[in-house]
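Using our numbering, read the sequence shown as starting at 1188 and increasing by one per residue. Just so you know, even glycine gets a beta-carbon here, dropped at the ideal spot from N, CA and C. Structure first, commentary second.
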Amino acid sequence: MSFFKTSTSPQSLATLTTQRLYLRAPSMADFAQWADLRARSRDFLQPWEPTWPADDLTKASFRKRIRRYNRNIREGSHYPFFLFNRDTDELLGGLNLSNVRRGVAQAASLGYWMGAQFAGSGYMKEAVTRVCCFCFNDLHLHRIEAACLPSNEVSRALLTKVGFSELGYAPSYLFINGMWQDHILFGKIRDSAPLPAKVLPQSEADGDKLPVTHA
């Protein structure tokens, strides 16, 4: 088993491709597309993300974000990707591998968001599938973790389809949209078949239809 810690420059972080997408590290050149997409998707995304700072969509805030991303990539602790349409170069959403742990854990946490007008098109399934391969084959991780709200049937189905297993229920797990909220925990282990899917009581489902997103 490898217990090493990787160090990657932002420029050398691989561009990942799927049938319809390419995924690459964010850059300052993406600001206009990112700010526009996030602004148009605010009502769609905000219920499932940490509260947005007042200056979140400003260029100065985005510059700080890019600096943090680049530092984290160099440290090997966080690998952010933006999702683009291969034919049009249009920004569709984002995906983050965060809290990368080496040593005896060899694990990372997965989060993602999709622009409102692109949701339901299967793009995120392609992206998550490709990033899982990146985690196991390039980063040599053992486990990928994810979490979503109990009522988020769409994201639960996506994670299950790409090989994640439901592992448990975590009360008051993450501070999302201004409050501590319960989450369902998921895991995907390298070269391991997923566990049978679990079904929550109907009382725990209230129609929330958005993807897991902790941008």
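Helix, strand or coil at residue i [DSSP, three-state]
i            : result
residue 1203 : strand
residue 1249 : helix
residue 1208 : strand
residue 1216 : helix
residue 1226 : helix
residue 1367 : strand
residue 1259 : helix
residue 1244 : coil
residue 1237 : coil
residue 1231 : helix
Contact under 8 Å by Cβ, residue i with residue j
i            : j            : result
residue 1333 : residue 1270 : no
residue 1287 : residue 1264 : yes
residue 1256 : residue 1213 : yes
residue 1302 : residue 1280 : yes
residue 1403 : residue 1295 : Shown here, the chain extends from 1188 to 1402; a query on residue 1403 therefore has no answer.
residue 1293 : residue 1329 : yes
residue 1375 : residue 1351 : yes
residue 1260 : residue 1200 : yes
Outcome for residue i when other beta-carbon atoms lying within 10 angstroms are tallied against a minimum of 16
i            : result
residue 1283 : buried
residue 1188 : Annotation note: pLDDT 49 at residue 1188 (below 50); position unreliable, coordinate value reported separately. By the neighbour-count rule (16 or more Cβ atoms within 10 Å), residue 1188 is not buried but exposed.
residue 1206 : exposed
residue 1362 : exposed
residue 1342 : buried
residue 1228 : buried
residue 1130 : With the chain running from 1188 to 1402 in the structure shown, residue 1130 is simply not present.
residue 1277 : exposed
Element boundaries [alpha helix (DSSP H), containing residue i]
i            : result
residue 1342 : 1340-1348
Span of the beta strand (DSSP E), counted from its first residue to its last, around residue i
i            : result
residue 1336 : Element bounds for residue 1336: n/a, residue is neither H nor E.
What are the start and end residues of each continuous alpha helix (DSSP H) run of 4 or more residues lying completely inside the stretch 1262-1334, in chain order? 1310-1320
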